[in-house]
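These notes concern the structure reproduced below.
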Amino acid sequence: MSRLPNPAKLVPELGKIAASLFAATGNGSVPQTTISLLQLRAGQIVGNTYLTTMHTNALVDADDNRHTAVATWRDSPDFTAPERVALALVEAVLTPNPTGERVPDALYDEASSHYDDKALTTLILAISQVCFFLPLALIGKPLPGVSPARQWRD
């Protein structure tokens with residue numbers, strides 16, 4: 605069982621927030637596989653097995669086996685330029701840059717060369733979505749591979 609009781613039962617508004625985030629990121633302007641790749645990378649960066657399992661399974665279900673190369677995406681030939689930008693953005697947001705800002709102008713410019721304003725905003729919201737759920741995953745410690753309905757203690 606998870607360490608935390610079901611957060612959706614404790615704070616019913618969570619369901620509305622989650623639904624809104626899923627609707628916003630699922631608007632079609634960014635491929636779902638790109639979103640899954642960047643969210644998998646976020647799970648890897650923070651070292652959370654629940655998130656890495658969930659996003660790996662989403663990619664496998666989509667018949668996309670590139671999850672095996674996400675951790676080493678920089679030297680993998682398996683990713684498109686827009687996917688590389690998405691992975692670079694999530695890394696920039698989640699890791700400190702001791703020599704400057706996390707998202708420098710050059711990275712933003714590269715991202716905007718691959719994504720229009722709506723898609724770039726959607727990509728930012730996909731990063732926000734995974735960041736919103738990070739504390740629940742890290743503190744609540746849900747069980748990897750177990751559906752949320754079956755694991756939260758009531």
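The sequence shown begins at 605 in the working numbering and counts up by one. Think of the CB as a built atom: it goes at the ideal place given N, C-alpha and C, for glycine as much as any other residue.
Next item on the list: For P739, name the three-state secondary structure that DSSP assigns.
Entry: helix
Notebook entry, point to check: Taking DSSP as the reference, what is the three-state secondary structure of P611?
Noted result: helix
Note to self: Please return the same chain residues whose Cβ sits closer than 8 Å to the Cβ of Y654, not counting the five positions on each side in sequence.
What the structure shows: G647, A741, K745, P746, L747 and P748
Notebook entry, point to check: Is T660 helix, strand or coil when you go by DSSP?
Noted result: helix
Next item on the list: Specify, as a first and last residue, the run of the alpha helix (DSSP H) that L691 falls within.
Entry: A685 to L698
Check: Which residue's Cα is closest to the Cα of P635: S606, V650, T676 and A662?
Finding: A662
Note to self: Would you call the stretch 620-628 in contact with the stretch 712-724, where contact means no fewer than 3 C-beta pairs closer than 8 Å?
What the structure shows: no
Item checked: Own chain partners of I649 with C-beta closer than 6 Å, once the 5 adjacent residues on each side are dropped -> L698
Check: Considering only C-alpha positions, which residue in the set R706, K613 and I639 is nearest to L724?
Finding: I639
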